[in-house]
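The block underneath contains the structure these notes are about, expressed in structure tokens.
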Amino acid sequence: MTKEKWIFLLFAVLTVLAIGSIGVAVAERSLWIAIAGIIVMYAAMKGARGYRAKLESEGRHQTS
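In my numbering, the protein residues as written are 61 to 124.
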């Protein structure tokens with residue numbers, strides 16, 4: 061795997077963990093855990109989108 065794919069994998073894992081934490085928040089009835097999960101999920105998705113845009117502007121992004 062290339063360096064770029066590892067970084068996208070990291071963003072994907074962060075997103076999955078954040079979604080899982082929202083499920084834990086519902087089970088625990090914790091608003092703070094839910095808010096933290098939403099913030100982490102948003103940051104991971106925004107980071108992946110920004111990184112992809114950076115790669116596309118440099119001409120290094122591969123679609124597959």
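Each residue gets a CB set at the ideal place from its N, CA and C atoms; glycine is no exception.
Contact belief for residue i with residue j at Cβ below 8 Å, rounded distance in angstroms
i	j	result
Phe68	Ala108	6 Å
Range of the contiguous alpha helix (DSSP H) that encloses residue i
i	result
Thr75	Lys63 to Glu88
Arg120	From DSSP, Arg120 is part of no alpha helix (DSSP H); its letter is neither H nor E.
Nearest residue (CA-CA) to residue i, options the options
i	options	result
Ala78	Ile93, Glu64, Lys65 and Trp66	Ile93
Phe71	Ile95, Val100, Leu115 and Arg120	Val100
Val84	Ala103, Gly97, Glu64 and Leu74	Gly97
Gly74	Trp66, Ala104 and Glu88	The question names Gly, but residue 74 is Leu in the sequence shown. Checking every option, the nearest Cα to that of Leu74 belongs to Ala104.
Spatial neighbours of residue i in its chain, beta-carbon cut-off 8 Å, leaving aside the 5 residues before and after
i	result
Arg120	Glu64
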